[in-house]
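Asks: Listed in order, the protein sequences are those of chains A and B.
Take 1304 as the starting number for the first sequence in this note's numbering and just add one per residue.
Take 1304 as the starting number for the second sequence in this note's numbering and just add one per residue.
All C-beta atoms, glycine included, are put in the ideal place defined by N, C-alpha and C.
Note that this is a predicted model, so its numbers are computed, not measured.
Protein chains: 2
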Amino acid sequence: MDSLKQKYALSRKYAGFINISPIQTGAILPEEAERATKEFIVGYAPYNLAQGIEIMDIPVVRDFIENDLPGFLNADRVRITFGAREGIYIAMKTAAKPGSTVLVDENSHYTTFVAAEKAGLNVEIVKSSGYPEYAISTQDYEEAIRKHKPSAVLLTYPDGNYGNLPDPEPLAKLAHENSIPFILNCAYSMGRMPLDMKKLKPDFMVGSGHKSMASIGPIGIIAATEKWSEKMLKKSLHHKKSELEFMGSEIRGTPLISLMASFPYVYERVKKWPSEVEKARWFSRKMDMLGLVQLGEKPHNHDLMKFRTDPFYEISKLHHKKRAFLYEHLKSRGITGIQHGKTKAIKLSTYGISKDSLKKVLSAFEDIVDTY
Amino acid sequence: MDSLKQKYALSRKYAGFINISPIQTGAILPEEAERATKEFIVGYAPYNLAQGIEIMDIPVVRDFIENDLPGFLNADRVRITFGAREGIYIAMKTAAKPGSTVLVDENSHYTTFVAAEKAGLNVEIVKSSGYPEYAISTQDYEEAIRKHKPSAVLLTYPDGNYGNLPDPEPLAKLAHENSIPFILNCAYSMGRMPLDMKKLKPDFMVGSGHKSMASIGPIGIIAATEKWSEKMLKKSLHHKKSELEFMGSEIRGTPLISLMASFPYVYERVKKWPSEVEKARWFSRKMDMLGLVQLGEKPHNHDLMKFRTDPFYEISKLHHKKRAFLYEHLKSRGITGIQHGKTKAIKLSTYGISKDSLKKVLSAFEDIVDTY
């Protein structure tokens, strides 16, 4: 028993570190949301807002889902999911019949492929331009649509590898002309940058609370146009109040508290997006001067970036810590967030990190390049 | 903006109250788990245990899921879900083909019906004995199996209305003799009382972290026998590491931290189950003396109870607060957890509540009965 107690006395290993992890920079809670979330460390959390009534009958929860979130995204209908992957799955299941084909960009997250498989769909790919930009041209969807006759198309906006931000508008036009439902994966954009569903015109837009909306997970968002909402929100025959695909909504728990408590902060921070892009570009230029070459679109349009790091790879061949040296070196400087054991290329994000902290990151990289 | 800030400055309304809510008494976190969970108020929480590696490669997470949880339940294989309803859905989807029939007890939670519908199954019901015991006899499954030829059977152990605890063992025997997979819904037992899967012999056992395992939600558990695990844990063709139905496991987030941090406490507390049953029976007897009559099995075998409260109903007809009077009266005594507006019958749980606190609850009820 004491050994169990010891084993599960969990602690964060990197609290207080500068965190450049692409999957975490958008998820740091503001102080007020941290406070609220800590209060709701209890099972069935939202019930504690208004004990004894159904979750969707709690005024603030209903208002969040029916008014404030749709307003924020300029969307017709919004529902809470367990994350972007569940959102993609629900969108695909709603939009396409099992056995049909979904057309996705080559930069899609692996969960896009898994969600399609779970929904019984075949996947066809629109290739990127390859090294070094890996750009997705929405024009390339045109030929692929002719060839594969997909029942849905998906675009990753941006992708999680290069942070490339292809223009969804031409694809939306193309999809609508061909009457094909269009899914936009916004796991790394919803909550970071302004999104206007009526302007971008996808049929579904999917987001992630624990990636980009300053929330603990698991939580995400799916937005749909009115046209699709009836099918997506089909009610259970057995239990008229339950939307079948969501199996009742009250299980969203403490992450829902966190998502709601962070909402006013997220609502404001997306307005500062241009300065985040500016900062990312500045960081990319500084890295370039160290011989660490940014891949993906240049100039870059997002805080998520991948760098080719040839000097680090060369060092790892000689270093006594081998491929672990880079991670360990950053750790010794109070920096975390790159993948352990990677030296040929690294992914990072500058989102929400001050220039002073980013200078420390640059200086940690510079010291390695200089020393070896 | 300020109005948004105000709206989403969420606070618990009933912190510090004696909480007799059946869906919450089993979810109170012990101090050590509250501390750990508060540390992980951050997106993609488990990554902070070991940044840069896959969630299932974190030794403590892997050990929890592959060794400690199976050991605790004497189960072959265990996976984490978003709650009991997802567990029931996965069990049904694994065990039965769409279009076939699942046989369930009449006391089943509404999500059992919704999960069956989502899995494309027809539902047939084994009736309870009705008022006042609403007992489920597993012998009644025998005729129903002959009649409906179900492809799966489910038993709720116990149900969330009466806290009735039917004996699963005869049903397990019957199901195995007929080669029908048997699902045991343990949302209100797993984490409250000892469960031994090899003794009870279901094919699937489903639990809820935020109902009975001292955890924040949304989180649950599905346990399966080796026989079913291959089908249940089928890997994605697109992404060999991902189990298709679970779409990758890293999104279980902060609730997973909470579930793990509470595990040593839960592991110990189930051993005290006999004294919890004793306390529930004592409470039931005291209620009886007030003319508040316990429904369901008597003597009772679980902390979750429903009482017929005729005196309260009579009072509500005359009281100026009408049906809200009971809830409000309890609230004024620092007691919460019954459903707002119910006076004919109330559901409550005595789990983990001290006798002193329960005496306060009894005295609050007594005062009403005496005054009117």
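Relative to chain A, which residues along the stretch 1338-1362 of chain B have a C-beta separation below 8 Å, given in chain order?
Replies: If the cut-off is 8 Å between Cβ atoms, the stretch 1338-1362 of chain B has ALA1339, THR1340, LYS1341, GLU1342, PHE1343, ILE1344, VAL1345, GLY1346, TYR1347, ALA1348, TYR1350, ASN1351, LEU1352, ALA1353, GLN1354, GLY1355, ILE1356 near chain A.
Asks: Could one say the Cβ of ILE1331 of chain A lies closer than 8 Å to chain B's Cβ atoms, at least one of them?
Replies: Mapped onto the first sequence, residue 1331 of chain A falls at position 28. It does: the Cβ of ILE1331 of chain A has a partner Cβ on chain B nearer than 8 Å.
Asks: Return the bridge partner residues of VAL1429 of chain A from the DSSP annotation.
Replies: Counted from its first residue, the first sequence places residue 1429 of chain A at position 126. Paired residue(s): A:ASP1408.
Asks: Could you pull out every residue in the same chain whose Cβ sits closer than 7 Å to the Cβ of SER1587 of chain B, ignoring the five residues on either side in sequence?
Replies: Taking the second sequence and counting its residues from 1, one reaches residue 1587 of chain B at position 284. Closer than 7 Å at Cβ, skipping near neighbours: GLN1597, HIS1603, MET1608.
Asks: Looking only at C-alpha atoms, which of A:TYR1465, A:LEU1468, A:ILE1428 sits nearest to ALA1455 of chain A?
Replies: Residue numbering aside, residue 1455 of chain A sits at position 152 when the first sequence is read from its first letter. Of the candidates A:TYR1465, A:LEU1468, A:ILE1428, the one whose C-alpha sits nearest the C-alpha of ALA1455 of chain A is A:ILE1428.
Asks: Counting only runs of 4+ residues fully inside the stretch 1500-1565 of chain B, write out the alpha helix (DSSP H) ranges in chain order.
Replies: Complete alpha helix (DSSP H) runs here, min 4: 1500-1503, 1512-1515, 1529-1535.
Asks: Can you look up THR1653 of chain A in the DSSP assignment and give me helix, strand or coil?
Replies: Translated into the one-based positions of the first sequence, residue 1653 of chain A becomes position 350. It is coil, neither helix nor strand.
Asks: Chain B beta carbons: is any one of them nearer than 8 Å to that of LYS1409 of chain A?
Replies: To locate residue 1409 of chain A, count along the first sequence from 1; it is residue 106. Residue 1409 of chain A is actually Glu in this sequence, not Lys. False, the Cβ-Cβ gap to chain B never drops below 8 Å.
Asks: Just confirm the distance between the C-beta atoms of PHE1343 of chain B and THR1639 of chain B, as a whole number of angstroms; I'd bet it's less than 8 Å.
Replies: What you label residue 1343 of chain B is simply residue 40 of the second sequence in a count that begins at 1. What you label residue 1639 of chain B is simply residue 336 of the second sequence in a count that begins at 1. Actually they do not touch by this definition, with Cβ atoms about 27 Å apart.
Asks: Please compile the residues from chain B whose C-beta is within a distance smaller than 8 Å of the C-beta of HIS1541 of chain A.
Replies: On the first sequence, position 238 is the one that residue 1541 of chain A refers to. Neighbours of HIS1541 of chain A on chain B, chain order: TYR1413, PHE1416, VAL1417, ALA1419, GLU1420, VAL1426.
Asks: In terms of alpha-carbon separation, which member of B:ARG1449, B:PHE1416, B:ARG1315 lies closest to ASN1425 of chain B?
Replies: One-based indexing of the second sequence puts residue 1425 of chain B at position 122. Closest option to ASN1425 of chain B, Cα to Cα, is B:PHE1416.
Asks: DSSP on ILE1671 of chain A, reduced to helix/strand/coil?
Replies: Here the question's residue 1671 of chain A lines up with position 368 in the first sequence. ILE1671 of chain A falls in the helix class under three-state DSSP.
Asks: In terms of residues, what are the limits of the alpha helix (DSSP H) holding THR1459 of chain B?
Replies: The count along the second sequence starts at 1 and reaches residue 1459 of chain B at position 156. Counting along the chain, THR1459 of chain B falls outside any alpha helix (DSSP H), though it belongs to the beta strand (DSSP E) covering 1455-1459.
Asks: If distances are taken between C-alpha atoms only, which option among B:PRO1333, B:PHE1367, B:TYR1675, B:VAL1381 comes closest to GLY1346 of chain A?
Replies: Here residue 1346 of chain A refers to the residue found at position 43 of the first sequence. Of the candidates B:PRO1333, B:PHE1367, B:TYR1675, B:VAL1381, the one whose C-alpha sits nearest the C-alpha of GLY1346 of chain A is B:PRO1333.
Asks: Kindly indicate which three-state DSSP category ASN1351 of chain A falls into: helix, strand or coil?
Replies: The residue you call residue 1351 of chain A lines up with position 48 of the first sequence. In this structure, ASN1351 of chain A counts as helix in the three-state DSSP scheme.
Asks: Is there contact between the stretch 1455-1465 of chain B and the stretch 1373-1389 of chain B, where contact requires at least three CB pairs shorter than 8 Å?
Replies: The stretch 1455-1465 of chain B, when compared against the stretch 1373-1389 of chain B, does not touch it at the 8 Å Cβ threshold.
Asks: Residues in the stretch 1512-1523 of chain B with C-beta within 7 Å of chain A's C-beta atoms, listed in sequence order?
Replies: Cβ contacts with chain A: HIS1513, LYS1514, SER1518, ILE1519, GLY1520, PRO1521.
Asks: Can you list the residues of chain A that HIS1643 of chain B reaches, using a CB-CB cut of under 7 Å?
Replies: What you label residue 1643 of chain B is simply residue 340 of the second sequence in a count that begins at 1. Per Cβ cutoff of 7 Å: GLY1355, ILE1356.
Asks: Check for me: the alpha helix (DSSP H) holding LEU1376 of chain B runs from which residue to which?
Replies: As a position in the second sequence, residue 1376 of chain B is number 73, starting the count at 1. Note, LEU1376 of chain B: alpha helix (DSSP H), 1372-1376.
Asks: Would the stretch 1568-1582 of chain B count as touching the stretch 1608-1622 of chain B if we require 3 or more Cβ pairs under 8 Å?
Replies: No, because fewer than three Cβ pairs between the stretch 1568-1582 of chain B and the stretch 1608-1622 of chain B fall closer than 8 Å, the two stretches do not touch.
Asks: Does DSSP put THR1646 of chain A in a helix, a strand or coil?
Replies: For this step, residue 1646 of chain A is matched to residue 343 along the first sequence. Looking at THR1646 of chain A - three-state DSSP - the assignment turns out to be coil, as it is neither helix nor strand.
Asks: What does the Cβ neighbour count give for ALA1318 of chain A, buried or exposed, with the cut at 16 atoms within 10 Å?
Replies: Residue 1318 of chain A sits at position 15 when you count from the first residue of the first sequence. Answer is exposed; the Cβ neighbour count stays below 16.
Asks: Where do the N-terminal and C-terminal ends of the beta strand (DSSP E) with LEU1487 of chain A fall, by residue?
Replies: For the purposes of this step, residue 1487 of chain A is identified with residue 184 of the first sequence, where counting begins at 1. Where LEU1487 of chain A is concerned, the enclosing beta strand (DSSP E) stretches over 1485-1488.
Asks: Quick one: residues in its chain with C-beta nearer than 6 Å to the C-beta of LYS1647 of chain B, no 5 flanking neighbours on either side, listed in chain order?
Replies: Position 344 of the second sequence holds residue 1647 of chain B. Within the same chain, LYS1647 of chain B has close Cβ partners TYR1616.
Asks: So, at 7 Å on beta carbons, what are the nonlocal neighbours of ASN1351 of chain A in its own chain, with the 5 sequence-adjacent residues on each side left out?
Replies: Counting from one through the first sequence, the residue named residue 1351 of chain A turns up at place 48. Only PHE1343, VAL1345 meet the Cβ criterion.
Asks: Just to make sure I have the definition right: I need the residues of chain A whose C-beta is within less than 7 Å of the C-beta of ALA1564 of chain B. Which are they?
Replies: Translated into the one-based positions of the second sequence, residue 1564 of chain B becomes position 261. What ALA1564 of chain B touches in chain A: TYR1311, LEU1313.
Asks: Tell me which residues share the same chain as ILE1682 of chain A and place their Cβ nearer than 6 Å to its Cβ, disregarding the 5 neighbours each side in the sequence.
Replies: Residue 1682 of chain A cannot be examined here, being either before or after the span of chain A that is shown, 1304 to 1675.
Asks: Look up PHE1385 of chain A in the DSSP assignment and say whether it is helix, strand or coil.
Replies: Indexing the first sequence from 1 puts residue 1385 of chain A at position 82. Here PHE1385 of chain A sits in coil by DSSP.
Asks: Sort B:PRO1521, B:ILE1519, B:PRO1471 by Cα distance to LEU1498 of chain B and report the nearest one.
Replies: As a working mapping, residue 1498 of chain B is identified with position 195 in the second sequence. The shortest Cα separation from LEU1498 of chain B among B:PRO1521, B:ILE1519, B:PRO1471 belongs to B:PRO1471.
Asks: Is PHE1343 of chain A helix, strand or coil by DSSP?
Replies: In the first sequence, residue 1343 of chain A corresponds to position 40, counting from 1. Coil at PHE1343 of chain A, not helix or strand.
Asks: How many Å lie between ASP1462 of chain A and LYS1504 of chain B at the Cα?
Replies: Taking the first sequence and counting its residues from 1, one reaches residue 1462 of chain A at position 159. Taking the second sequence and counting its residues from 1, one reaches residue 1504 of chain B at position 201. Rounded to whole angstroms, ASP1462 of chain A to LYS1504 of chain B spans 46 Å at the Cα level.
Asks: DSSP puts VAL1596 of chain B in a beta bridge; with which residues?
Replies: Taking the second sequence and counting its residues from 1, one reaches residue 1596 of chain B at position 293. Bridge partners of VAL1596 of chain B: B:ARG1611.
Asks: Which residues in chain B have a C-beta closer than 8 Å to the C-beta of ALA1318 of chain A? List them in chain order.
Replies: Indexing the first sequence from 1 puts residue 1318 of chain A at position 15. Within 8 Å Cβ-Cβ: GLU1342, ASN1351.
Asks: Beta carbon of PRO1373 of chain A, beta carbon of ILE1361 of chain A: below 8 Å?
Replies: If you number the first sequence from 1, residue 1373 of chain A lands on position 70. If you number the first sequence from 1, residue 1361 of chain A lands on position 58. In this structure, ILE1361 of chain A does not lie closer than 8 Å to PRO1373 of chain A by Cβ.
Asks: So what's ILE1321 of chain A in DSSP terms, helix, strand or just coil?
Replies: Here residue 1321 of chain A refers to the residue found at position 18 when the first sequence is read from its first residue. ILE1321 of chain A: strand per DSSP, three-state reduction.
Asks: Of all the residues that make up the stretch 1597-1611 of chain A, which are near chain B by a beta-carbon distance shorter than 8 Å?
Replies: Here the close residues number zero.
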